[in-house]
Amino acid sequence: MTHQGAVPSIGYKPLNKAACQSQFKCGATSIDKYFAREAWKQHTGGVHRVTYGHLEGSTAPAAFFSLACVTEEISKLKGPYHPFGGADRFPCLQLVWLGVHKALQGQKIGSLMVGKVVEIFANVGAQIGLPHLVLVPISEDVKPFYLSLGFREYDDGKRMFLPLQSAIEVFPQK
């Protein structure tokens, strides 16, 4: 356990079967169901890349995130955008799921997990041309968290994105 105000040290691992069978509960039914029932299938099937974070000295999941490469409709973005060769869609990395164990919420673990996602995005997005990291907030309650981390709303507030350039500014390419 960390002291009040201290930021915990997190290790990151690709999802494994033992982690899925843990007693991970974040308190959001849809996220808990995904982690318990779908994460392993999606990860091993190559649909999502699932990574979990664990506290120092433990292998139990403290949090996890799930990523996927998807395409998004240009029409959902406001303003002029390059049509990517005339197409009406663009490729992006999607933060599909993010959960922090209920007992560990409020300890900056969610911010650390999103930081890891942004680091991955800065590297992969620059290499293969993914202009945005996108997500669909699970509720209105989580929007302020993502806005505080630099995400912006689009699609009339139903979705959020982080431009690649913003990620690269935080995690410059080597």
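Per numbering that gives the first Met the number 0, the sequence shown starts with residue 0, numbered consecutively. By construction, the Cβ of each residue, glycine as well, lies at the ideal position given by its N, Cα and C atoms. From a predicted model like this one, the values you see are computed outputs, not experimental measurements.
Cα-Cα separation, residue i to residue j
i, j, result
"Val49", "Leu14", "6 Å"
"Gly52", "Ala86", "37 Å"
"Asp155", "Val141", "16 Å"
"Leu129", "Glu152", "18 Å"
"Cys19", "Gly98", "13 Å"
"Pro162", "Lys40", "29 Å"
"Ser165", "Gly149", "8 Å"
Closest by C-alpha distance to residue i, when choosing among the options
i, options, result
"Val116", "Ile73, Leu76, Pro90, Ala62", "Ala62"
"Pro7", "Ser29, Gln20, Val46, Ile108", "Ile108"
"Gln175", "Phe23, Thr70, Asn122", "Because the chain is modelled from 0 through 173, residue 175 falls outside the range shown and cannot be assessed."
"Tyr33", "Ser21, Ser74, Glu71, Trp96", "Trp96"
"Thr28", "Phe160, Ala166, Ile137, Phe144", "Ile137"
"Ser110", "Ile73, Ile167, Phe23, Phe64", "Phe64"
"Ala125", "Val46, Cys91, Thr58", "Cys91"
"Lys12", "Gln22, Ile30, His42, Asp31", "His42"
Identified DSSP bridge partners for residue i
i, result
"Gly98", "Phe63"
"Thr70", "Pro90"
"Lys24", "Beta-bridge pairing links Lys24 to no other residue."
"Thr50", "Pro13, Phe64"
"His131", "Pro162"
"Arg151", "Phe160"
Cβ neighbour criterion (16 or more within 10 Å) applied to residue i
i, result
"Gly105", "exposed"
"Ala38", "buried"
"Gly44", "exposed"
"Pro60", "buried"
"Ile127", "exposed"
"Met0", "In this predicted model, Met0 has a pLDDT of only 45, less than 50, meaning its place in the structure is not dependable enough to derive any value."
"Arg158", "buried"
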